[in-house]
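I have placed the structure first, in the form of C-alpha cells, so that the comments after it can refer back to it.
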Amino acid sequence: MGDIFTPWRLGGLALQNRLVRSATYEGLAEPDGTPKIELANLLGDLAEGGVGLIITGYAYVRSDGLGLPNQTGVYIDAQVGPLARVSDAVHRCGGKVALQIVHAGGQSKPEWHAGHQLIGPSAIVHPAFGAPIAAMSKDQIADVIDCFGRAAARAKAAGFDGVQLHGAHGYLINQFLSPNTNLRDDEYGGDIDGRARFCLEAYQAARQAVGPDYPVFIKLSSHDAMEGGLVLEDALHVARRLDAMGVDAIEASGGVIAAGKNSPSRLVKGPEQEGYFLAEAKAIKAAVKCPVISVGGWRTRPRIEQALDAIDAVAICRPLVRQPDLPRRWAQGSEESPTCVSCGKCIGVAMRQGLACALDLAKED
Ligand SMILES: Cc1cc2nc3c(=O)[nH]c(=O)nc-3n(C[C@H](O)[C@H](O)[C@H](O)COP(=O)(O)O)c2cc1C
561 MGDIFTPWRL
571 GGLALQNRLV
581 RSATYEGLAE
591 PDGTPKIELA
601 NLLGDLAEGG
611 VGLIITGYAY
621 VRSDGLGLPN
631 QTGVYIDAQV
641 GPLARVSDAV
651 HRCGGKVALQ
661 IVHAGGQSKP
671 EWHAGHQLIG
681 PSAIVHPAFG
691 APIAAMSKDQ
701 IADVIDCFGR
711 AAARAKAAGF
721 DGVQLHGAHG
731 YLINQFLSPN
741 TNLRDDEYGG
751 DIDGRARFCL
761 EAYQAARQAV
771 GPDYPVFIKL
781 SSHDAMEGGL
791 VLEDALHVAR
801 RLDAMGVDAI
811 EASGGVIAAG
821 KNSPSRLVKG
831 PEQEGYFLAE
841 AKAIKAAVKC
851 PVISVGGWRT
861 RPRIEQALDA
871 IDAVAICRPL
881 VRQPDLPRRW
891 AQGSEESPTC
901 VSCGKCIGVA
911 MRQGLACALD
921 LAKED
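Encoded structure:
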C-alpha cells in the first residue's frame with residue numbers, strides 16, 4: 561500500500577504529501593482576468609486544509625485565450641501583482657501552489673470573448689459549443705507559443721512554485737493533438753509528430769522562460785474518449801517526448817468536454833468507479849521517468865493508497881470544493897469518505913458567483 565503522507569519531489573519542489581488539488585476554474589477574477597482577493601482566500605483555505613500541492617484553475621495566456629467568464633488571466637504584466645497575492649496567501653498558510661496556464665482555442669463561446677474570434681488548429685465548428693473556429697496562421701501559432709512562455713515567466717515572478725500547462729480536456733494544446741480538431745496539412749498537423757509540435761513548442765517556451773530548475777509540468781489527455789480523437793498510443797508518444805525534454809511531471813487525465821458522459825469530470829457512484837484514468841496513468845508511468853499524477857474520480861483513502869503503489873500522486877478536484885480540509889483530517893487518522901456526490905454542478909456555481917459546492921448552497925436556500 562502506498563502512503564499518502566510520504567513526501568515527494570516534483571522537479572525541485574519538495575511536497576509534503578501525495579494529494580494534489582487538481583486545477584479547478586474558480587470564476588473569481590474581474591472580467592479582464594485580474595484575480596480578486598476572494599481567490600487568494602479560497603486557495604489559502606485549501607492550503608490550510610493540508611493538500612500537498614494546489615494547482616490553480618486555468619489562467620489564460622493571451623487575451624483571446626479565455627474559456628469561461630471571470631477566469632483568471634496571466635496575459636499582461638499588470639496581472640503579476642494581483643497573482644502574487646494569491647501565491648502569498650497559500651504560502652502564509654503553509655501550502656505550495658502552481659499556476660495552470662491555458663489557451664482555450666475554440667473551446668469557448670463568442671459572447672464571452674468581447675469581439676475576439678475563436679481560433680484553433682483548423683476551421684471547424686466546435687462539437688459541444690457550436691461556435692465557428694478560425695484556423696490559426698503560422699504567425700498566430702508562433703505568438704501563442706510565445707505567450708505560453710511569457711505567462712510562465714509571470715507565474716514565476718508572481719511567486720508560484722511551478723507552472724502547469726493545460727494539455728487536456730479539449731483546450732488548444734489538446735486541439736492540436738487531436739485528429740478530430742487538427743486537420744492541418746502543414747508541420748503542425750498530420751501524424752502525431754506534427755500534431756504534437758504545438759504542445760512541445762509551448763512546453764519549450766515555458767521552460768526557456770523560467771530556466772531548468774523551476775517546476776514545469778503538464779496535464780495531458782491520455783485520449784479524447786471520442787471516436788476519431790486522440791488515442792493512448794499517441795499520448796504515450798507525446799509523454800515520452802516531453803519526458804526527454806525535461807518535463808517535471810505529467811498529470812494523466814482524459815476525455816474532452818464534447819465527450820458527454822465520458823468527459824473529464826465523470827459521475828463516481830462507488831469505489832469501483834474511482835480513478836477512472838488510472839490504467840492510462842500506469843501506461844504513461846511505464847513510458848516515462850518523471851513522476852506521474854493520476855486524476856479523475858479519486859475519492860476514498862483505501863483506493864488512493866492502492867493506486868499509490870503504481871503512480872506518484874493523485875489529484876482531486878470536486879471533493880475539495882466541498883471539503884477543503886479533507887487532507888488534514890486524513891492526516892490526523894480519519895478514514896472518512898468525501899461527502900461530494902460528483903454532480904459537477906460546482907462549475908455552474910463558479911460561473912455564476914465563484915467556486916462553491918452546489919449542494920451546500922441548496923441547503924442554505
Ligand atoms: C468546477 C470544475 C472546474 C474545473 N476546472 C478545471 C481547470 O481549470 N483546469 C483543468 O485542467 N481541469 C479542470 N477541471 C477538471 C478537474 O481538474 C478534474 O480533472 C476532474 O474534475 C476529475 O477530477 P475529480 O473527479 O476529482 O473531480 C474542473 C472540474 C470542475 C468540476
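Residue 561 is where the sequence shown starts when you use the working numbering, and the numbers rise one by one after that. Idealized CB from N, CA, C, for every residue including glycine.
**Request:** Tell me, to the nearest whole angstrom, how far the beta carbon of Val662 is from that of Ile614; I am working on the premise that it is less than 8 angstroms.
**Result:** Their Cβ separation, rounded to whole angstroms, is 16 angstroms, which puts Val662 and Ile614 out of contact at 8 angstroms.
**Request:** Please report the Cβ distance between His783 and Leu790, rounded to the nearest whole angstrom; I am assuming they are in contact, meaning their Cβ atoms lie under 8 angstroms.
**Result:** 5 angstroms
**Message:** If I follow the unbroken beta strand (DSSP E) through Phe715, where does it start and stop?
**Reply:** According to the sequence provided, residue 715 is Ala. The question's Phe does not apply to it. Element bounds for Ala715: not the beta strand (DSSP E) but the alpha helix (DSSP H), 698 to 717.
**Sequence-distant residues of its chain with Cβ nearer than 7 angstroms to Val640 (five each side left out)** = Arg714, Ala717, Ala718
**Message:** Just to check my reading of the structure: Tyr748 and Ile701 have Cβ atoms closer than 8 angstroms, yes? What is that Cβ distance to the nearest angstrom?
**Reply:** 6 angstroms
**Asked** Can you tell me where the alpha helix (DSSP H) with Gln764 in it begins and where it stops?
**Response** 752 to 770
**Asked** Whose C-beta lies closer than 7 angstroms to the C-beta of Gln768 among residues of the same chain, with five residues either side of it excluded?
**Response** Gly709
**Request:** Report back the beta-carbon spacing between Val807 and Phe758 to the nearest angstrom; my notes put them in contact at under 8 angstroms.
**Result:** Not a contact, Cβ separation roughly 15 angstroms.
**Message:** Tell me which residues share the same chain as Arg863 and place their Cβ nearer than 8 angstroms to its Cβ, disregarding the 5 neighbours each side in the sequence.
**Reply:** Pro831, Glu834, Gly835
**Message:** Can you confirm whether the segment 801 to 820 touches the segment 880 to 898 when touching is taken to mean that 3 or more C-beta pairs between the two stretches lie within less than 8 angstroms?
**Reply:** no
**Message:** Following a CB-centred definition, is Val646 positioned closer than 7 angstroms to any heavy atom of ligand 1?
**Reply:** no
**Prompt:** Alpha carbon to alpha carbon, how far is Leu678 from Val685?
**Reply:** 10 angstroms
**Message:** ligand 1 and Cys906: does the residue's C-beta get closer than 7 angstroms to at least one heavy atom of that ligand?
**Reply:** yes
**Three CB pairs or more closer than 8 angstroms across the segment 724 to 744 and the segment 645 to 652** = no
**Prompt:** Cβ of Leu880 within 8 angstroms of Cβ of Leu606?
**Reply:** yes
**Message:** Is it the case that the segment 666 to 677 contacts the segment 621 to 639, given that we only count it when at least three CB pairs across the two stretches are under 8 angstroms?
**Reply:** yes
**Prompt:** Counting along the chain, where does the alpha helix (DSSP H) carrying Gly908 start and finish?
**Reply:** 906 to 913
**Prompt:** If you scan the segment 610 to 653 from start to end, which runs of the beta strand (DSSP E) of 3 or more residues do you find wholly inside it?
**Reply:** 613 to 616
**Request:** Please determine, among Asp872, Val848, Ala688, the residue with the shortest C-alpha to C-alpha distance to Gln576.
**Result:** Asp872
**Prompt:** When DSSP labels each residue in this structure, what does Glu832 get in the three-state scheme?
**Reply:** helix
**Message:** Give me, in chain order, the residues of the same chain whose beta-carbon lies closer than 8 angstroms to that of Lys821; leave out the 5 immediate sequence neighbours on both sides.
**Reply:** Leu827
**Item:** Any non-hydrogen atom of ligand 1 within 7 angstroms of Ser897 CB
**Value:** no
**Inter-residue spacing [alpha-carbon to alpha-carbon] between Leu737 and Ile752** = 7 angstroms
**Message:** Can you list, in chain order, the residues of its chain with a C-beta nearer than 7 angstroms to that of Glu761? Leave out the 5 residues immediately preceding and following it.
**Reply:** Ile705
**Three-state secondary structure (DSSP) of His686** = coil
**Request:** Output yes or no for whether 8 angstroms exceeds the beta carbon distance between Ala695 and Pro681.
**Result:** yes
**Request:** Give me whichever residues DSSP pairs with Thr503 in a beta bridge.
**Result:** Nothing about residue 503 can be read from this structure; the chain reaches only from 561 to 925.
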